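In my numbering, the protein residues as written are 1 to 125.
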């Protein structure tokens, strides 16, 4: 699985607010997302705005699934509205290791044969 496919996966699952997302799935999506935001922001504020609005729901969905992997409710995303502290709390939550095995939100990412997330796709190309 290429690094760019890790970006496309959460876009395809934009309406999936259930289940879990691995740290790799979340952070590779965020890295690509930020790269696009920087490039589009430098090119045109209209393109930036269209992209930001178009990826708002997928970004929220993958964030909720990432919190589910740490056995936390997606409602924890609302803590980002608390100035300064909220952002730091979310970074800690989103970077923390997910629970092993099944938790309240489903099985571990990559544990289901039909799950699209792959635990270790090998070197990023």
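Note that beta-carbon positions come from the ideal geometry of N, C-alpha and C, so glycine has one too.
None of the values given here were measured: they were computed from a predicted structure.
Coarse secondary structure for residue i, derived from DSSP in three states
| i | result |
| --- | --- |
| residue 1 | coil |
| residue 106 | strand |
| residue 74 | helix |
| residue 97 | coil |
Environment of residue i [buried if 16+ CB atoms lie within 10 Å]
| i | result |
| --- | --- |
| residue 72 | buried |
| residue 62 | buried |
| residue 54 | exposed |
| residue 22 | buried |
Where the alpha helix (DSSP H) through residue i begins and ends
| i | result |
| --- | --- |
| residue 42 | 23–43 |
| residue 83 | Element bounds for residue 83: n/a, residue is neither H nor E. |
| residue 20 | Element bounds for residue 20: n/a, residue is neither H nor E. |
| residue 15 | Here residue 15 belongs to no alpha helix (DSSP H), and DSSP marks it neither H nor E. |
Within 7 Å, strictly: CB atoms of residue i and residue j
| i | j | result |
| --- | --- | --- |
| residue 32 | residue 51 | no |
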